[in-house]
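For the sequence shown, position 73 (counting from the first letter as 1) is numbered 348 according to the numbering used here, and the numbering increases by one without interruption. Note that CB positions come from ideal geometry on N, CA and C, so glycine has one too. A short worksheet on the structure shown next.
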Amino acid sequence: MTKKTNNYKDSGVNVQEGQDFINDIKDELNQLQNNFAIGSIGGFSGYIDPPKNYKDPVYALACDGVGTKLRIASTLKNYESIGIDLVAMCVNDLIVSGAKPIAFLDYYGVSKLDRQIGRQVISGILKGCQLSGCDLIGGETAEMPNHYTNGNFDLVGFAMGINERHMIIDGSGVKDGDCILAIPSSGFHSNGFSLLNQILKSYQADKIDLLQELLTPTRIYVSEVLGLNKNFAINSMAHITGGGLEGKILNPCSSSSPQCCIQRGAWESKFLKDPKKIWEKFPQ
């Protein structure tokens, strides 16, 4: 008699493993103190108790991912840093308008759930949340066999922030003569990796040290930027991501034809030990 195999597990989805992974996350969260979260994760939705010291609160939402930097994490089998990247990409988008991050959710899509890898990712996400002063209040782990192939997976983050309505930074205050200040990055952050991965195919030197350096987590600017915003009048801010300075620096400005002047080569890159072989392959 032929045994029927039409069940969820035989299709490649292990429901029990998914539940065990949720319990892993709960174990990690139980070691942390919540700032705004109400209750535990694992329900259909997450609740927060927002800070009470806002007179006219408005809420900002941001969504982003880590992109093909995930491939480098897979090559090195080091997944914690991309969890930090995920939080950073979202909260750095929030703070440029003056919003304080308070909550975070993640989406983790895989072909087959590996709890050890998943725990590394979650550990990084929780570190990112701690650095940002926000709470992980929920998320989704999706096991989709034959959709994510060849070991590929995806990470997406969602962040929520709070601000005073009259304190929203939208670029409307930009005026002639304003000074542009830049806060250094920790590296390539989480952008440009499709091009980097292509370049690395022809990179002849030992790649391991370079890959480890490229995996440096995206810098989380929450404390610096919100601290500056308390003490100085900031007219506009930009999170330099896809498109670089040229594509992002004027994005927040409401002027119909804003202009700024940046001198190329006015600063030196210090985060690559052997930058020449990489930089010479980048388009100017």
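For residue i versus residue j, is the C-beta spacing smaller than 8 angstroms?
| i | j | result |
| --- | --- | --- |
| N438 | K505 | no |
| D410 | F311 | yes |
| S461 | T491 | yes |
| G358 | K301 | no |
| Q395 | Y423 | no |
| L489 | I347 | yes |
| H514 | D360 | no |
| G517 | N472 | no |
| I370 | V497 | yes |
| L406 | I316 | no |
| A337 | C365 | yes |
| P431 | G340 | Per the sequence shown, the amino acid found at residue 431 is Val instead of Pro. Cβ distance < 8 angstroms, so V431 and G340 count as in contact. |
| G373 | I444 | yes |
| S398 | E303 | yes |
Determine the DSSP secondary structure at residue i, reduced to helix, strand or coil.
| i | result |
| --- | --- |
| N353 | coil |
| Q291 | helix |
| F433 | strand |
| G540 | coil |
| V385 | strand |
| A337 | strand |
| I392 | helix |
| G426 | coil |
| M276 | Annotation note: pLDDT 48 at M276 (below 50); position unreliable, coordinate value reported separately. Looking at M276 - three-state DSSP - the assignment turns out to be coil, as it is neither helix nor strand. |
| S498 | helix |
| F507 | coil |
| C535 | coil |
| K327 | coil |
| S372 | coil |
In whole angstroms, what is the alpha-carbon distance linking residue i and residue j?
| i | j | result |
| --- | --- | --- |
| I524 | C454 | 13 angstroms |
| M276 | I392 | In this predicted model, M276 has a pLDDT of only 48, less than 50, meaning its place in the structure is not dependable; the value taken from the coordinates is given anyway. Computed Cα separation, rounded: 39 angstroms. |
| Q291 | I297 | 10 angstroms |
| Q487 | K352 | 11 angstroms |
| R440 | G321 | 24 angstroms |
| Q534 | I458 | 20 angstroms |
| P325 | I474 | 45 angstroms |
| A378 | M435 | 5 angstroms |
| Q559 | T343 | For Q559, the pLDDT reaches just 48, beneath the cut-off of 50, and the residue's location in the model is therefore unreliable, leaving the point undetermined. |
| H464 | T493 | 4 angstroms |
| I483 | T350 | 9 angstroms |
| G313 | C404 | Note on identity: in this sequence residue 313 is Ile, with Gly being the wrong assignment. Between I313 and C404, the C-alpha separation is close to 16 angstroms. |
DSSP puts residue i in a beta bridge; with which residues?
| i | result |
| --- | --- |
| F379 | L411, A434 |
| Y322 | I313 |
| T416 | Y383 |
| P332 | E439 |
Exercise. Mind listing, in chain order, the continuous beta strand (DSSP E) runs of no fewer than 3 residues lying wholly within the segment 440–484?
Key: Listed in chain order, there is nothing to give.
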